[in-house]
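Sequential numbering from 63 applies to the sequence shown in my numbering.
Working notes for the structure below.
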Amino acid sequence: MTEFNFTRRKLLARGAALPLAGLAVFGVSRAAAAGAAPACADPNVLDSGQMSIRESLNYVEQSKDPMKVCNGCGFLKDVKGSCGNCDIFNGPANVSGHCDSWSPKA
Ligand code: SF4
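What follows is the structure in structure tokens.
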């Protein structure tokens, strides 16, 4: 005979633990993602024109394609650390970033 050793208290405790574990994993993955590609530009400092061109060209701080990153793009200049200056944006871009204007360095 199978014995179910679940009390109401145990079930409630386990039910509360699962969402907390999910939040912990979510927080770690967000931190890992942020650590992988630090933002080079503070969106609170960029003007509306700079934000608009970034959005229209689908700029991301971390490219999905490791072969097409800003560091391999001919428009990125003055690289210091993980950030450089994008000629298209006339502003900062991440060496690991990407946008629709990506063009390989000559
Ligand atoms: S044009 Fe796009 S891919 Fe090239 S450096 Fe600028 S943001 Fe990066």
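Using N, Cα and C, we set each Cβ at its ideal position, and we do this for glycine too.
Just so we're clear, the structure is a prediction, and the values are computed from it rather than from any experiment.
- Between the C-alpha atoms of residue 103 and residue 115 there is a straight-line separation of about 13 Å.
- If you draw a straight line from the Cα of residue 158 to the Cα of residue 165, it comes to about 14 Å.
- A distance criterion of 6 Å places the beta-carbon of residue 155 in contact range of the ligand SF4, judged by its closest non-hydrogen atom.
- Residue pairing by DSSP puts residue 138 in a beta bridge opposite 148.
- Residue pairing by DSSP leaves residue 103 without any beta bridge partner.
- In the DSSP assignment, the residues bridged to residue 153 are 148.
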